[in-house]
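J.: As they're listed, the protein sequences go chains H and F. My numbering applies: residue 266 is where the first sequence begins, and numbers increase by one. My numbering applies: residue 6 is where the second sequence begins, and numbers increase by one. All C-beta atoms in this analysis are idealised placements derived from N, C-alpha and C, irrespective of residue type, glycine included. For reference, the structure I am asking about is given below.
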Amino acid sequence: MSAQKFEAFLAKLYVDDNARSRFLADARREASNAGLTDEECAALEKIDFVGLELASASFARKRASRPPRKPDSNLTRWLRRR
Amino acid sequence: MNDRFGLGWRPELAAGILSNLNRIDVVEVIADDYFDAPKSKRRALKTLAIQVPVALHGVSLGLASSISVEATRLEQTARLVEEIQPEFWSEHLAFVRGGGIEIGHLAAPPRTATTIDGAARNLAAARKIIGVLPLVENIATLIDPQGSTLSEADWTRDILAAANCALLLDLHNLYANSVNFGFDPYDFTDRMPQEKIHAIHLAGGRWIKTKTTDERRLLDDHLHDVPEAVYALLEYIGTKMAHPLTVILERDGRYPPIGILLNQLDRARDALRRGRAKRLSEAA
C-alpha cells in the first residue's frame, strides 16, 4: 500500500504546481502530510531536484500538446473506404 | 538473417510510408490512437496491416507500477490485438498515473523489488486478457527516480525474468539515461539477457536546461535525427546477437521529407549489418 502512496505522491509532485512548490519549500512536511513513511520522507528530501524541474516541465508540455486530434488525411479516408 | 526495419506510423508520414514500402519492412502503430476509434478507422488499420506487417505500441497502460493496470485498458488492447493480429505488441516499463492523477506521459517508477513484482503482476494480467505478452520497453527519464534501490539494468533484467517477457530496447532512451545519469550504455546492453532483446527503437532528442541552475539533460523528444552514438550502440548490438531483430525509427514531429527518414533507416541497416559481420568474423 505504501508503494502505491509513494507513486501517487510522485504523480502529484510531477503534475500539481502548488504541491511541488510546497514540496520545494518543505519536502519532509509535504511528504509526511501525504502519509508517507519516515524512510520515504527521508528519501524524498534527497530527490533529484534538477530532474524534478525538468521532468515536471516536460510532462506539462506533453499534457498541453495532447491533440486536438488531427483531421484524417485524404489517404486515411481512402484507406477507410477500401 | 532477416532483420526488419521500419517506421512509426504517423498521419503526416502515411503517404511517404505507403509509397516506399519496398524500403520499409514493418510499421509500428500507436495502439492508444485506435482504442476509441470509429470502425472505419480501425478498418483502415486492418487494410494497412494487409499491406505491411504491423506492430502495435501501447503508451498508457502503466505496467511498471505497484498499481494494478485497469482491466478496461487491457480489454481495449485485447480487442485491437485480436482485430489487427500484429506481429507483436509492446508497452513501456513506466508508471503513468497514481492516486487518480494522470501524469500525461511515461514516468520512471522507483526501481525496487516492489515495482518489479507489480510489473510482473501487471504483465501476467496482460497475458491473461490479451493472450500474449508484450515486448516491454525501457523508457527515458529526466529524473533519477527517487526511492530506487536497484540500477536501471538490474531492475529491467529482473522484470524480464519475473515476467518471462522480451525486451524492446530503445537505444535513444538508453543513451539519454546514460548521459544524464552517468552510466555505461554498453554495459547496460551486456547485462540484458541477449536472447530476450527482440526489437529496437531509434530516435533523437535535444539538450534542455533548467531555469534555476542552468544544468542540462538530454531529452528524448523524437523530434530530431538519430545521433551517431545511437547508431554505434546498434552496431554493438549486432556484434552480440545472432537472432533477427525488428528495428523501428520513431519520429513524432518536425517531420523531414520521407527520404531523410529512409536514409536514417538505411544507416541503421548498415550499422546492424556491420555489427553482424564483426560477430561472424570474430567467431570464425
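To which residues does DSSP link Gly-103/F through a beta bridge?
T.: Numbered from its first residue, the second sequence carries residue 103/F at position 98. DSSP, once it has assigned bridges, lists Ile-106/F as partnering Gly-103/F.
J.: Taking C-beta to C-beta, are Gly-21/F and Leu-254/F nearer than 8 Å?
T.: Locating residue 21/F in the second sequence gives position 16, where the first residue counts as 1. Locating residue 254/F in the second sequence gives position 249, where the first residue counts as 1. Contact: no.
J.: Closer than 8 Å, CB to CB, is Leu-317/H near chain F or not?
T.: Sequence index remark: in the first sequence, residue 317/H carries index 52 (1-based). For Leu-317/H, a Cβ of chain F is located within less than 8 Å of the residue's own Cβ.
J.: Please classify Thr-217/F: is it buried, with 16 or more other beta-carbons within 10 angstroms of its beta-carbon, or exposed?
T.: For this step, residue 217/F is matched to residue 212 along the second sequence. Its Cβ having fewer than 16 others within 10 Å, Thr-217/F is exposed.
J.: Taking beta-carbon pairs under 7 Å, can you tell me which members of the segment 82 to 113 of chain F lie near chain B?
T.: Absent from the structure is chain B; the protein chains it does hold are H and F.
J.: Quick one: list the residues of chain H neighbouring Ile-152/F, beta-carbon separation under 7 Å, in chain order.
T.: As a position in the second sequence, residue 152/F is number 147, starting the count at 1. Reading off the sequence shown, one finds Gly at residue 152/F, where the question assumed Ile. What Gly-152/F touches in chain H: Phe-271, Glu-305, Ala-308.
J.: So does the segment 116 to 126 of chain F actually touch the segment 266 to 285 of chain H, counting three or more Cβ pairs closer than 8 Å?
T.: By the Cβ test, the segment 116 to 126 of chain F is in contact with the segment 266 to 285 of chain H, since at least three Cβ pairs between them sit closer than 8 Å.
J.: Going along chain H, which residues have a C-beta under 9 Å from Pro-115/F?
T.: Sequence index remark: in the second sequence, residue 115/F carries index 110 (1-based). Going along chain H in sequence order, the residues near Pro-115/F (Cβ under 9 Å) are Ala-268, Phe-271, Glu-272, Leu-275, Ala-308.
J.: Beta-carbon within less than 7 Å of Arg-272/F's beta-carbon, same chain only, minus the 5 sequence neighbours each way: which residues are those?
T.: For the purposes of this step, residue 272/F is identified with residue 267 of the second sequence, where counting begins at 1. Once the five neighbours on either side are set aside, the close Cβ partners of Arg-272/F are Tyr-236.
J.: Could you check whether the segment 87 to 101 of chain F touches the segment 295 to 307 of chain H, counting it as contact only if at least three pairs of C-beta atoms, one from each stretch, sit closer than 8 Å?
T.: no
J.: Residues of chain F with CB closer than 7 Å to the CB of Arg-328/H, please, in chain order.
T.: Taking the first residue of the first sequence as position 1, residue 328/H is located at position 63. Correct list: Gly-109.
J.: Within this structure, are the beta carbons of Ala-145/F and Asp-225/F separated by less than 8 Å?
T.: As a first step, residue 145/F must be located in the second sequence, where it is residue number 140. As a first step, residue 225/F must be located in the second sequence, where it is residue number 220. Yes; because the gap between Cβ atoms is below 8 Å, this pair is in contact.
J.: With which residues is Lys-214/F paired in a DSSP beta bridge?
T.: Start at 1 with the first residue of the second sequence, and residue 214/F comes out as number 209. The partner list for Lys-214/F (beta bridge, DSSP) reads Arg-221/F.
J.: Which residues in the same chain have their Cβ closer than 8 Å to the Cβ of Trp-212/F, if we skip the five residues on either side of it in sequence?
T.: Indexing the second sequence from 1 puts residue 212/F at position 207. Excluding residues within five positions, the ones whose Cβ falls inside 8 Å are Arg-221, Arg-222, Leu-223, Leu-224.
J.: I'd like to know whether the C-beta atoms of Leu-1/F and Val-141/F end up nearer to each other than 8 Å.
T.: The requested residue 1/F does not occur in the structure, where chain F is confined to residues 6 to 289.
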